[in-house]
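Peer 1: Encoded as structure tokens, here's the structure I'll be asking about.
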Amino acid sequence: NAMKKFGVPTAEYKVFDDADKAKKYLREKGVPIVVKADGLAAGKGVVIAKTIDEGDSAIDSFMVKKIFGASGDKVIIEDCLEGEEASILVFTDGKTIVPLSSSQDHKRIFDNDKGPNTGGMGAYSPAPVVSLEMFDDIIKKVFRPMIDGFAKQGKLYKGVLYAGIMITQTGPSVLEFNVRFGDPETQAVIPRLRSDLIDIVIASIDDGLEKVNLEWDGRPALCVVCSSKGYPGPYQKHKEIKGLDEIKKMQAVE
Ligand code: GLY
Numbered sequence: 006n007a008m009k010k011f012g013v014p015t016a017e018y019k020v021f022d023d024a025d026k027a028k029k030y031l032r033e034k035g036v037p038i039v040v041k042a043d044g045l046a047a048g049k050g051v052v053i054a055k056t057i058d059e060g061d062s063a064i065d066s067f068m069v070k071k072i073f074g075a076s077g078d079k080v081i082i083e084d085c086l087e088g089e090e091a092s093i094l095v096f097t098d099g100k101t102i103v104p105l106s107s108s109q110d111h112k113r114i115f116d117n118d119k120g121p122n123t124g125g126m127g128a129y130s131p132a133p134v135v136s137l138e139m140f141d142d143i144i145k146k147v148f149r150p151m152i153d154g155f156a157k158q159g160k161l162y163k164g165v166l167y168a169g170i171m172i173t174q175t176g177p178s179v180l181e182f183n184v185r186f187g188d189p190e191t192q193a194v195i196p197r198l199r200s201d202l203i204d205i206v207i208a209s210i211d212d213g214l215e216k217v218n219l220e221w222d223g224r225p226a227l228c229v230v231c232s233s234k235g236y237p238g239p240y241q242k243h244k245e246i247k248g249l250d251e252i253k254k255m256q257a258v259e
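The sequence shown runs contiguously to residue 259 in this note's numbering.
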């Protein structure tokens with residue numbers, strides 16, 4: 006709703022608190038279509054339905070079976086955007102915007118983008134899909150209106166703001182905002198940051214971002230997530246992680 010109000014590009018959508026009405030809309034719009042639980046779901050509350058049956062089953066899981074509890078009280082059904090996704094994180098003191106380097110998160114459980122979505126199986130930074138022009142466009146069309154819009158409402162937003170962006174043929178379009186760092190994107194972005202993170206955090210709190218210039222390591226960084234077998238479904242917990250000492254012996258690739 007905030008995106009609509011502030012003119013930020015995003016997919017057309019409708020919100021439902023009734024499963025039957027949601028299913029009717031699904032049929033009106035056709036597939037592919039995106040069904041989202043309207044609340045926290047550990048990054049797993051989004052289903053891209055390629056058939057009406059898949060859409061119905063997502064609506065039932067969220068709204069009737071309540072697999073994510075109260076997060077399924079409402080669902081958002083939105084148009085499926087075509088393109089490649091990137092994550093952009095910025096720091097802001099409510100006025101100045103200091104962007105972090107771009108990154109891309111890989112959500113499917115298996116190699117080659119196969120299998121169900123997860124909270125993220127890995128990330129790299131920077132994301133080549135975000136050209137310099139695209140990056141400027143994202144700051145201008147997404148973050149600036151959002152942060153200014155909140156400020157005008159007397160709700161100064163300070164800290165990290167994360168936007169999941171679909172890079173479409175017609176420009177950037179927002180898939181989601183998070184009012185936090187990205188996981189696993191942050192593990193790929195922050196190691197490349199040469200400036201002191203704490204100084205940036207303090208400058209965000211103290212309205213001092215205007216004076217901050219970030220320095221970056223030009224080398225790309227990659228993060229790979231290892232998960233217990235079965236994830237993102239039920240999986241065995243409390244397994245010991247072995248071999249971490251071996252990491253110290255590894256050489257950085259120049
Ligand atoms: N990687 C997705 C997220 O942090 O929400």
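Backbone N, C-alpha and C define an ideal beta-carbon position, used for all residues, glycine too. Nothing here was measured: the structure is a model prediction, and the numbers come from that model.
DSSP three-state label for residue 113, please.
Peer 2: Residue numbering aside, residue 113 sits at position 108 when the sequence shown is read from its first letter. Strand, per DSSP.
Peer 1: So, are the CB atoms of residue 64 and residue 20 less than 7 angstroms apart?
Peer 2: Residue numbering aside, residue 64 sits at position 59 when the sequence shown is read from its first letter. Residue numbering aside, residue 20 sits at position 15 when the sequence shown is read from its first letter. No, the pair does not count as a contact, with Cβ atoms beyond the cut-off.
Peer 1: Which same chain residues, not among the five before or five after residue 52, have their C-beta less than 6 angstroms away from its C-beta?
Peer 2: Position 47 of the sequence shown holds residue 52. So the list reads 40 and 63, once near-sequence residues are dropped.
Peer 1: For the alpha helix (DSSP H) containing residue 209, list its first residue and its last residue.
Peer 2: The residue labelled residue 209 in the question sits at position 204 within the sequence shown. Secondary structure note for residue 209: its alpha helix (DSSP H) is the uninterrupted segment 202-210.
Peer 1: With a threshold of 8 angstroms, are at least 3 pairs of Cβ atoms found where one atom belongs to the stretch 7-19 and the other to the stretch 84-92?
Peer 2: yes
Peer 1: For the candidate residues 167, 9, 150 and 218, whose alpha-carbon lies nearest to that of residue 94?
Peer 2: Along the sequence shown, one-based indexing puts residue 94 at 89. For the residues 167, 9, 150 and 218, the minimum Cα distance to residue 94 belongs to 167.
Peer 1: I'd like the list of long-range same chain contacts for residue 98, defined as Cβ closer than 6 angstroms, with 5 residues on each side in sequence excluded.
Peer 2: Start at 1 with the first residue of the sequence shown, and residue 98 comes out as number 93. Leaving aside the five residues that flank residue 98 on each side, the residues in its chain whose CB is nearer than 6 angstroms to its CB run, in chain order, 163, 209, 212 and 214.
Peer 1: What first and last residue would you give for the alpha helix (DSSP H) that runs through residue 140?
Peer 2: For the purposes of this step, residue 140 is taken as the residue at position 135 of the sequence shown. Looking at the DSSP string, the run of the alpha helix (DSSP H) that includes residue 140 is 137-143.
Peer 1: Say yes only if the C-beta of residue 117 is nearer than 6 angstroms to one or more non-hydrogen atoms of ligand 1, and no if none qualify.
Peer 2: Counting from 1 along the sequence shown, the entry for residue 117 is found at position 112. No, the beta carbon of residue 117 sits no closer than 6 angstroms to any heavy atom of ligand 1.
Peer 1: With residue 148 as the anchor, note down where its alpha helix (DSSP H) starts and where it stops.
Peer 2: Mapped onto the sequence shown, residue 148 falls at position 143. Note, residue 148: premise wrong, no alpha helix (DSSP H); not H, not E.
Peer 1: Just to confirm the assignment, what range does the alpha helix (DSSP H) spanning residue 30 have?
Peer 2: Here residue 30 is taken as the residue at index 25 of the sequence shown, counted from 1. Run containing residue 30: 24-34, per the alpha helix (DSSP H) assignment.
Peer 1: Just checking residue 127 against ligand 1 - is the residue's beta carbon closer than 6 angstroms to any of the ligand's heavy atoms?
Peer 2: What you label residue 127 is simply residue 122 of the sequence shown in a count that begins at 1. Result no, Cβ not under 6 angstroms from ligand 1.
Peer 1: Count the other CB atoms, across all protein chains shown, that sit within 10 Å of the CB of residue 232; report buried if there are 16 or more and exposed otherwise.
Peer 2: Translated into the one-based positions of the sequence shown, residue 232 becomes position 227. Flag for residue 232 reads exposed.
Peer 1: Exposed or buried, what is residue 184 when buried is set at 16 or more other beta-carbons lying within 10 Å of its beta-carbon?
Peer 2: Position 179 of the sequence shown holds residue 184. The Cβ neighbour count for residue 184, taken over all protein chains shown within 10 Å, is under 16; the residue is labelled exposed.
Peer 1: Hey, would you say residue 132 sits closer than 7 angstroms to residue 75, going by beta carbons?
Peer 2: Locating residue 132 in the sequence shown gives position 127, counting from the first residue. Locating residue 75 in the sequence shown gives position 70, counting from the first residue. Their beta carbons are not under 7 angstroms apart, which means residue 132 does not touch residue 75 by this criterion.
Peer 1: By Cβ distance below 7 angstroms, which residues in the same chain neighbour residue 144 in space, the five residues on each side in sequence not counted?
Peer 2: On the sequence shown, residue 144 is found 139 positions in, with the first residue counted as 1. Same-chain partners within the cutoff: 102 and 104.
Peer 1: Is it buried or exposed for residue 120, if we count other Cβ within 10 angstroms and need 16 for buried?
Peer 2: For this step, residue 120 is matched to residue 115 along the sequence shown. When all chains shown are included, residue 120 counts as exposed.
Peer 1: Within the chosen definition, does the stretch 189-206 reach the stretch 106-120 through at least 3 CB pairs nearer than 8 angstroms?
Peer 2: yes
Peer 1: List the residues that DSSP assigns as beta-bridge partners of residue 41.
Peer 2: The residue you call residue 41 lines up with position 36 of the sequence shown. 51 and 81.
Peer 1: Taking residue 193 as part of the alpha helix (DSSP H), name the residues at either end of that continuous run.
Peer 2: Against the sequence shown, residue 193 aligns to sequence position 188. Run containing residue 193: 190-194, per the alpha helix (DSSP H) assignment.
Peer 1: Taking the alpha-carbon of residue 35 as reference, which of 56, 26, 46 and 207 has the nearest alpha-carbon?
Peer 2: The residue labelled residue 35 in the question sits at position 30 within the sequence shown. Looking at the Cα atoms, 56 is the closest of the given residues.
Peer 1: Assuming residue 251 is part of the alpha helix (DSSP H), what are its boundary residues?
Peer 2: To locate residue 251, count along the sequence shown from 1; it is residue 246. Residues 249-253.
Peer 1: In angstroms with no decimal places, state the Cα-to-Cα distance between residue 115 and residue 154.
Peer 2: By 1-based counting over the sequence shown, the position of residue 115 is 110. By 1-based counting over the sequence shown, the position of residue 154 is 149. Near 39 angstroms, if we compare the C-alpha coordinates of residue 154 and residue 115.
Peer 1: Which term fits residue 247, buried or exposed, when burial requires 16 or more other beta carbons within 10 angstroms of its beta carbon?
Peer 2: Stepping through the sequence shown from its first residue, residue 247 is reached at position 242. Exposed, since its Cβ has fewer than 16 Cβ neighbours within 10 Å.
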